[in-house]
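In what follows, a single structure is set out as structure tokens and then discussed.
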Amino acid sequence: MRRLGVAVLATVLGLSTGAHAADTDRWKLPIAVKKLDNGLVVVVSEDHTSPIVGISVVYHVGMRLEPENRTGFAHLFEHLMFQGTPVSPKGVFDRVIQGGGGINNGSTRADFTNYIETGPTTALAPMLWLEADRMRALDFSEKNLTNQRDVVKEEIRVNVTNQPYGLFYWTHLNALAFDKWANKHDGYGSFKDLDSARIDDVKAFHAKFYQPGNAVIGVAGDVEAAQVFALVEKYFGDIPTQTAPVRGDVSEPLNTKERRTSETDSLARVPALAIGWKAPPRGSRDHAAMAVLSQLLVGDNASRFYQGLVKNRELLTNIDGGLNFPLGDAWDFDGPTMLSLFAMYKPTTSPDAVLKGLDEEIAHIDHDGVDAASLARVKTKMLSDWYGQLESFINRADAIAKLQTLWGDARTVNDVPKLIDGVTPADVQRVARTYLVAANRSVIDRTPVAAK
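Next comes the structure, spelled out in structure tokens:
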């Protein structure tokens, strides 16, 4: 994929001597949107710099909306989407795309499931046809359900059961911090629930969520918008839609009392903390400021938490985290999330000492604010990351499809830089005082068995 030169990057970021350039100087993606009669939304961003196209099909369903007693079902269904259809048996999808030099993948998150592929522009029609084929119907067989259930269970063994810390800073922290089942349950799923899944469940899930009215197709690259709209109409236009899924109220207030618990880990060698503060809603007044604050505190090795607790005080050996961490970024959620941390601490210190150190770093912002140089550095890093991930057409297609799905407008791709740049020192200070308080904090202390 093409890379942006230094001069071009400076223009893209709007960098100038001492100030950001006007919004009109920024690089903006062209966006064209069309909604079919069956409810399917198509978003296109043309870029003729390379004969490549990226496609993302985003369904507005993820772990948050999977049925109770069917934990892990959204992720299991993602796997089933690669097992073939009555028209295209298993393996055809991969052979067509990869045989032409392309790649394809899928992922499940809290609020969406996406299927992405990229290839030469000449592969646009075949790739869209294949996506339409599996939107129509899958190979609903006991064999496919059984083998993919086993694949998912093995993935859980590899990433959770037999892995030090076992993603406790995701699954266990959500369970502690949130109250509603939709937000707190384990998105990977229990073996019991996975084993309980039946073919009728698969068919019902596909009919309810994998339908045109619950999907967005993003296309980016060396294409003409009119050409894409015509192909999508041709392949998807006659797929019937169902009544739009009812989305219950999953919102939650901030917590009013700190929640703490402890666990042991037979595989870990050093103790670790999972820490989360409930965050403001997506698109709210405080959202962008929380995203900037998150980058300031834990975004990289120059962040306040890393410098303060890893480098200077040497309480931690490592720290990672962010807004909507670890399965997402600061912009791709549609329900309650957290600013979350995963921190491994030295056996010579204590959880209370670490929490005290974190609180002191937050207090510096609360009391003294953020200096202009630090805020500018963080914004520049965030803008660089935002534009950088949009360089590849597959990522660009995915970004505009997700923004159309979650925000209701793919043009938000051009608004995010403005949201970042508009954050003031007072905004950062306000969200630190509002959200990063002990009463809104959840903490899990996970220690090696030998340490108990």
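Anchor point for the sequence shown: position 377 equals 377 in full-length UniProt numbering, and the numbering is continuous, going up by one each time. Note that beta-carbon positions come from the ideal geometry of N, C-alpha and C, so glycine has one too.
Spatial neighbours of residue i in its chain, beta-carbon cut-off 8 Å, leaving aside the 5 residues before and after
{"i": "S251", "result": "P281, G335, P336"}
{"i": "P245", "result": "H60, V61, L65, K208, F209, N214"}
{"i": "V160", "result": "G166, L167, T171, Y188"}
{"i": "A450", "result": "none"}
{"i": "A177", "result": "K184, N255, R259, G276, K278, M338, S442"}
{"i": "K153", "result": "F191, L194"}
{"i": "V370", "result": "L296, P425, V428, Q429"}
First and last residue of the uninterrupted alpha helix (DSSP H) at residue i
{"i": "P126", "result": "124 to 136"}
{"i": "residue 469", "result": "As shown, the chain starts at 1 and ends at 452. That puts residue 469 outside it, with no answer to give."}
{"i": "V298", "result": "287 to 298"}
{"i": "W277", "result": "Not the alpha helix (DSSP H): W277 falls in the beta strand (DSSP E), residues 272 to 278."}
{"i": "V152", "result": "142 to 156"}
{"i": "D421", "result": "416 to 421"}
{"i": "T405", "result": "393 to 407"}
{"i": "E78", "result": "73 to 80"}
Beta-carbon proximity of residue i to residue j, cut-off 9 Å
{"i": "G84", "j": "L138", "result": "yes"}
{"i": "G328", "j": "I275", "result": "no"}
{"i": "V431", "j": "L231", "result": "no"}
{"i": "V33", "j": "A215", "result": "no"}
{"i": "K208", "j": "N144", "result": "no"}
{"i": "V219", "j": "A343", "result": "no"}
{"i": "T261", "j": "V443", "result": "yes"}
{"i": "G106", "j": "M127", "result": "no"}
{"i": "T71", "j": "H172", "result": "no"}
{"i": "P120", "j": "L267", "result": "no"}
{"i": "L339", "j": "V298", "result": "yes"}
{"i": "D359", "j": "R433", "result": "no"}
{"i": "V428", "j": "A289", "result": "yes"}
{"i": "D368", "j": "G221", "result": "no"}
Chain C contact for residue i (CB, 9 Å cutoff)
{"i": "L267", "result": "The chain inventory of the structure shown lacks chain C, comprising one protein chain alone."}
Whole-angstrom C-beta distance between residue j and residue i, which should lie under 8 Å
{"i": "V112", "j": "V58", "result": "Note that residue 112 is Phe in the sequence shown here, rather than Val. That pair is a contact at about 5 Å."}
{"i": "I31", "j": "S45", "result": "6 Å"}
{"i": "residue 453", "j": "F205", "result": "With the chain running from 1 to 452 in the structure shown, residue 453 is simply not present."}
{"i": "P347", "j": "V270", "result": "6 Å"}
{"i": "G357", "j": "R313", "result": "6 Å"}
{"i": "V354", "j": "L315", "result": "5 Å"}
{"i": "D332", "j": "R109", "result": "7 Å"}
{"i": "L254", "j": "N114", "result": "Incorrect: roughly 30 Å between the Cβ atoms, too far for contact."}
{"i": "N38", "j": "I239", "result": "6 Å"}
{"i": "V43", "j": "L124", "result": "The pair is not a contact, with the Cβ atoms about 15 Å apart (cut-off 8 Å)."}
Start and end residues, beta strand (DSSP E) containing residue i
{"i": "P120", "result": "113 to 120"}
{"i": "V310", "result": "It is not in any beta strand (DSSP E) - V310 carries neither H nor E in the DSSP assignment."}
{"i": "E46", "result": "41 to 46"}
{"i": "L29", "result": "Neither: L29 is in no beta strand (DSSP E) and is coded neither H nor E."}
{"i": "K90", "result": "That residue, K90, is in no beta strand (DSSP E); it is neither H nor E in DSSP."}
{"i": "N104", "result": "103 to 108"}
{"i": "D445", "result": "441 to 448"}
{"i": "Y435", "result": "Careful: Y435 lies outside any beta strand (DSSP E), inside the alpha helix (DSSP H) at 425 to 435."}
{"i": "T171", "result": "Where T171 is concerned, there is no enclosing beta strand (DSSP E), although the alpha helix (DSSP H) it sits in stretches over 171 to 177."}
Cβ-based neighbour list, residue i, same chain, cut-off 6 Å, excluding 5 preceding and 5 following
{"i": "A291", "result": "L323, A330"}
{"i": "A132", "result": "Y235, F236"}
{"i": "G308", "result": "E361"}
{"i": "A438", "result": "E258"}
{"i": "L436", "result": "W277, I362"}
Close-in-space but distant-in-sequence residues of the same chain around residue i (CB under 7 Å, 5 per side omitted)
{"i": "E142", "result": "I199"}
{"i": "A226", "result": "none"}
{"i": "G99", "result": "none"}
{"i": "G388", "result": "none"}
Residue i Cβ short of 8 Å to the ligand ADP heavy atom set
{"i": "A230", "result": "Summarising the ligand content, the structure contains no ligands, and the ligand ADP is consequently not present."}
Let me know the alpha helix (DSSP H) ranges lying completely inside the region 206 to 256, each 4 residues or longer, listed in chain order.
-> Note on the region 206 to 256: whole alpha helix (DSSP H) runs with a minimum of 4 residues are 225 to 236, in chain order.
Which runs of the alpha helix (DSSP H) fall wholly inside the region 312 to 385 and span at least 4 residues, in chain order?
-> Annotation: the region 312 to 385 contains the following complete segments of the alpha helix (DSSP H) (minimum length 4 residues), in chain order: 351 to 368.
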